[in-house]
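Report on one structure; see the data block that follows.
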Amino acid sequence: MEIAKGHEHPYQEGDAARFTGRVWLSQGLSAPGGTGMSVVHFSAGARTHWHTHPGGQLLYGVSGHGRVRSRGGQGHVLV
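Put into structure tokens, the structure is as follows:
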């Protein structure tokens, strides 16, 4: 069992190669098969560039509003 505590992982500002707008990331856990978990805070209007997650991705919205979509898939609104 792995346990990650939010205060143990510092936040770093996301880089312009992967994000538009201001984004802060804190590394989390990695599961076998490549699925990872990080905490990401997006400022209003910030977004990620198209990218892939070979091991998959889990999204858990805590606050605010957002939109997600798989390439070629239907979009979804997070509220």
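The opening position of the sequence shown corresponds to residue 368 in the working numbering, with each subsequent residue numbered one higher. Using N, Cα and C, we set each Cβ at its ideal position, and we do this for glycine too.
- By the beta-carbon neighbour count (other beta carbons within 10 angstroms, threshold 16), V444 is exposed.
- Between G381 and L396, the CB-CB gap reaches or exceeds 7 Å.
- In the three-state DSSP reduction, H418 falls in the coil class, being neither helix nor strand.
- Take the alpha-carbon of V435 and the one of G442: they are about 6 Å apart.
- Apart from sequence neighbours up to five positions away, the residues of its chain that approach V390 with a beta-carbon distance below 8 Å are E380, G381, V407, H408, F409, S410, A413, T415, ordered along the chain.
- Contact between R438 and W417 holds: their C-beta atoms lie close to 7 Å from each other, under 8 Å.
- Take A371, set aside five residues on each side of it, and the residues of its chain with a beta-carbon closer than 7 Å to its own are G395, L396, in chain order.
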